[in-house]
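*Asks:* Let me begin by handing over the structure; questions about it come next.
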Amino acid sequence: MTDTAHLFGAITGGIGAGKSYICQQLREMGVEVYDCDAAAKRLMRSDKILRERLTELVGKEVYEGDAPRKSVLTAFLLASEENKQAVNAIVHPAVAQDFMASGCEWLESAILFESGFHQRVPLACVTCVVAPLETRLRRVMERDGISMEQASRWITTQMPQEEIASRSDYIVHNDGITPLLPQLRGMLRAIAQRKHTL
């Protein structure tokens, strides 16, 4: 029988789907969720080896002091798929190690499947947050203060929402219409049952 004490849950979904809001709701329900994106940003500042490897890959201009320069890193990431994979190969192992030491049972990752992060930690269940494309575009534009073209480009660089959903165990609809709490309660019940049967 699988050691379910060491199985974790993951929240994923495309940019603008509203994963962070869902995680906020889960935290209010008493569920601690590890934010992979925030952890990556923290580790890019605090982890000396990670900083050295990023500087070697991207160039000295990627850092200003200990702080990564978002504009430089973003331009590098968007330049090619190879660049994105190279950065992920540096950052994601460090994040996975940090998560495993965090004590959290849930993690939030926008690129769970693309990065192979789902293979770095033992998962009992993957939940995908979905929303209509126009809703996602609006959220990204408002959050980041960018144009529709830029928001659309970000969305198209990620795995299609439909593919993420098809590879997940549970779907949460965050369209601003479908009530969220019943979905989240149902998800937590389903995952508790799933862990019990593993």
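Numbering of the sequence shown is given in UniProt numbering, commencing with residue 1 and proceeding in unit increments. Even glycine gets a Cβ: it sits at the ideal position worked out from N, Cα and C. Everything numeric in this text was worked out from a predicted model, so none of it was measured.
When you compare only the Cα positions, how much space is there between arginine 42 and arginine 69?
*Replies:* Along the sequence shown, read from residue 1 onward, the residue named residue 42 stands at position 42. Along the sequence shown, read from residue 1 onward, the residue named residue 69 stands at position 69. Roughly 13 Å between the two C-alpha positions.
*Asks:* Is it buried or exposed, residue 200, if we count other Cβ atoms within 10 angstroms and call 16 or more buried?
*Replies:* Residue 200 lies beyond the residue range present for the chain, which begins at 1 and ends at 198; the question has no answer from this structure.
*Asks:* Report the three-state DSSP secondary structure of phenylalanine 76 (helix, strand or coil).
*Replies:* Locating residue 76 in the sequence shown gives position 76, where the first residue counts as 1. Phenylalanine 76 falls in the helix class under three-state DSSP.
*Asks:* Once you ignore the five residues that flank tyrosine 63 on each side, which residues in its own chain have a CB closer than 8 Å to its CB?
*Replies:* Position 63 of the sequence shown, counted from the start, is the residue given in the question as residue 63. Cβ within range, chain order: Arg51, Leu54, Thr55 and Arg69.
*Asks:* Mapping DSSP to helix, strand and coil, what is proline 132?
*Replies:* Stepping through the sequence shown from its first residue, residue 132 is reached at position 132. If DSSP states are grouped into helix, strand and coil, proline 132 belongs with coil.
*Asks:* To which residues of the same chain is asparagine 83 closer than 7 Å at the C-beta, ignoring the five residues directly before and after it?
*Replies:* Numbered from its first residue, the sequence shown carries residue 83 at position 83. Closer than 7 Å at Cβ, skipping near neighbours: Phe76 and Leu77.
*Asks:* Taking lysine 172 as the reference, which of Thr127, Gly14 and Val31 has the closest Cα?
*Replies:* By one-based count along the sequence shown, residue 172 stands at place 172. Note on residue identity: the sequence assigns valine, not lysine, to residue 172. The shortest C-alpha separation from valine 172 is found at Thr127.
*Asks:* Would you list the residues sitting across from glycine 9 in a DSSP beta bridge?
*Replies:* In the sequence shown, the residue the question calls residue 9 occupies position 9. According to DSSP, which records beta bridges pairwise, glycine 9 is partnered with Trp106 and Cys125.
*Asks:* What's the gap between the Cα of serine 147 and the Cα of arginine 138?
*Replies:* Taking the sequence shown and counting its residues from 1, the one referred to as residue 147 is at position 147. Taking the sequence shown and counting its residues from 1, the one referred to as residue 138 is at position 138. Cα-Cα distance, rounded: 10 Å.
*Asks:* Are valine 33 and isoleucine 49 closer than 8 Å when you measure CB to CB?
*Replies:* Locating residue 33 in the sequence shown gives position 33, counting from the first residue. Locating residue 49 in the sequence shown gives position 49, counting from the first residue. It is not a contact, given that the beta carbons lie outside the stated cut-off.
*Asks:* If you count every other CB in all the chains shown that lies within 10 Å of the CB of arginine 153, and 16 or more means buried, which is it?
*Replies:* Residue mapping note: residue 153 aligns to position 153 of the sequence shown, counting from 1. Answer is exposed; the Cβ neighbour count stays below 16.
*Asks:* Just how far apart, CA to CA, sit methionine 29 and leucine 73?
*Replies:* Here residue 29 refers to the residue found at position 29 of the sequence shown. Here residue 73 refers to the residue found at position 73 of the sequence shown. Cα to Cα, the separation comes out at about 35 Å.
*Asks:* Determine the direct distance from the alpha carbon of alanine 124 to that of threonine 4, and round the result to whole angstroms.
*Replies:* For the purposes of this step, residue 4 is identified with residue 4 of the sequence shown, where counting begins at 1. For the purposes of this step, residue 124 is identified with residue 124 of the sequence shown, where counting begins at 1. Here the model assigns threonine 4 a pLDDT of 46, short of 50, so the residue's position is not dependable, and the following value carries that caveat. Their backbone Cα atoms lie some 8 Å apart in a straight line.
*Asks:* Using CA coordinates, which residue listed in Leu107, Ala165 and Gln97 is at the minimum distance from alanine 17?
*Replies:* The residue labelled residue 17 in the question sits at position 17 within the sequence shown. The candidate whose alpha carbon is nearest that of alanine 17 is Ala165.
*Asks:* Does DSSP put glutamate 32 in a helix, in a strand, or in coil?
*Replies:* Within the sequence shown, numbered from 1, the residue matching residue 32 stands at position 32. DSSP places glutamate 32 in coil when its eight states are reduced to three.
*Asks:* If you reduce the DSSP assignment to three classes, tell me which class isoleucine 171 lands in.
*Replies:* As a working mapping, residue 171 is identified with position 171 in the sequence shown. Strand, per DSSP.
*Asks:* What do you reckon, are the CB atoms on isoleucine 15 and alanine 79 nearer than 8 Å?
*Replies:* Within the sequence shown, residue 15 is the residue found at index 15, counting from 1. Within the sequence shown, residue 79 is the residue found at index 79, counting from 1. No; because the gap between Cβ atoms is not below 8 Å, this pair is not in contact.
*Asks:* Determine the extent of the alpha helix (DSSP H) in which proline 93 is found, giving its start and end residues.
*Replies:* Translated into the one-based positions of the sequence shown, residue 93 becomes position 93. Start and end: 81-100.
*Asks:* Assign lysine 60 to one of two classes, buried (16 or more other C-beta atoms within 10 Å of its C-beta) or exposed (fewer than that).
*Replies:* The residue labelled residue 60 in the question sits at position 60 within the sequence shown. Counting Cβ neighbours within 10 Å, lysine 60 comes out exposed, since fewer than 16 surround it.
*Asks:* Kindly indicate the opening and closing residues of the alpha helix (DSSP H) around arginine 120.
*Replies:* For the purposes of this step, residue 120 is taken as residue 120 along the sequence shown, with counting starting at 1. Arginine 120 -> no alpha helix (DSSP H), and no H or E assigned at all.
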